[in-house]
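Student: Handing you this structure, nothing more for now.
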Amino acid sequence: MTHPTLPLLRRRVLGTAVLLSGALLLTGCGGSDDGSSTRQDVASLHSDAPSGKASASTAPDTDADRPQLRLDSSDAERDHYWHIYATCLKDHGHKMLPQRGPDSIDDTDQSPTAKAATKACVNKLPLQPPELERSTNPHYDDDYRAYVKCLNREGLKVTALPDNSGWTYDGQTTMSEARQTEVDKSCTMEAFGGKTR
0 MTHPTLPLLR RRVLGTAVLL SGALLLTGCG GSDDGSSTRQ DVASLHSDAP
50 SGKASASTAP DTDADRPQLR LDSSDAERDH YWHIYATCLK DHGHKMLPQR
100 GPDSIDDTDQ SPTAKAATKA CVNKLPLQPP ELERSTNPHY DDDYRAYVKC
150 LNREGLKVTA LPDNSGWTYD GQTTMSEARQ TEVDKSCTME AFGGKTR
């Protein structure tokens, strides 16, 4: 099955959804939890605000209150902010996927309650590092191609989507979830960070 997922950095916290990944789709499709993967996931590095976000005219004010993640944010820091966001959604009645963990959001929940929760919690949704956003990184496409090249070099065989909004596994992978996360972090830093522009 092919389905959107969060970037590896956040998949643990929000369950399988689209990170990054771009548009960041928070979809809770199924998959193997045993460390091996037989699914076709789409991973994405950047995130658009959820469908229930405020209009563009109010977005700058809303974004000003949102926590800003950095490329070098620790796992604990990321997890902390995603936990706050997930807890807010849950407290406002959004459905969760408890079988995937306490902070796993069921993004298939498109009920009026879920939409209201998303709107109420938008100021808690972490902003992704500016380097991972096409709108704030003029070199995003070049960096993304370097990121995918690095993933492949490190053994995570993937194919980029045509618009560089994510990637899919190139066949099946037997790489453990922990190793995938390690490779993803390393390649993200290599491709998007540490460069003098």
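Under numbering that gives the first Met the number 0, read the sequence shown as residues 0 to 196, first letter to last. Beta carbons: idealized from backbone N, C-alpha and C, even for Gly.
(1) Just how far apart, CA to CA, sit L155 and D183?
(2) Report, in whole angstroms, the separation of the C-beta atoms of R69 and P128, which I expect to be a contact under 8 Å.
(3) Is the separation between the beta-carbon of A159 and that of Y139 shorter than 8 Å?
(4) Within 10 Å of its beta-carbon, does Q179 have 16 or more other beta-carbons around it, so buried, or fewer, so exposed?
(5) Going by the beta-carbon positions, is the gap between A119 and H79 smaller than 8 Å?
(6) Helix, strand or coil for L23 per DSSP?
(7) Report the partner residues of L126 according to the DSSP bridge assignment.
(8) For the putative contact between T107 and H93, defined by C-beta atoms under 8 Å, what is the C-beta separation to the nearest angstrom?
(9) What is the DSSP secondary structure of M208, counted as helix, strand or coil?
(10) Please return the same chain residues whose Cβ sits closer than 8 Å to the Cβ of V157, not counting the five positions on each side in sequence.
(11) Give, in chain order, every unbroken run of the alpha helix (DSSP H) that is at least 4 residues long and sits entirely within the stretch 93 to 162.
(12) Buried or exposed: which applies to D105, given that a residue is buried once 16 or more other Cβ atoms fall within 10 Å of its Cβ?
(13) Quick one: Cα of E153 to Cα of P137, how far?
(14) Whose C-alpha, out of R133, F191, A116 and P125, is nearest the C-alpha of A63?
(15) For the alpha helix (DSSP H) containing D78, name the first residue and the last one.
(16) Is the beta carbon of I83 closer than 8 Å to that of K123?
Tutor: Here's the rundown:
(1) 9 Å
(2) 5 Å
(3) no
(4) buried
(5) no
(6) For L23, the predicted structure reports a pLDDT of 32, less than 50, and the residue's modelled location is therefore unreliable. A value from the coordinates is still provided. Looking at L23 - three-state DSSP - the assignment turns out to be coil, as it is neither helix nor strand.
(7) Q67
(8) Contact flag wrong, Cβ pair sits at about 11 Å.
(9) Residue 208 is absent from the model: the chain starts at 0 and stops at 196.
(10) A42, V147, L150, N151, W166, T167, Y168 and D169
(11) 111 to 120 and 139 to 152
(12) buried
(13) 26 Å
(14) P125
(15) D74 to D90
(16) yes
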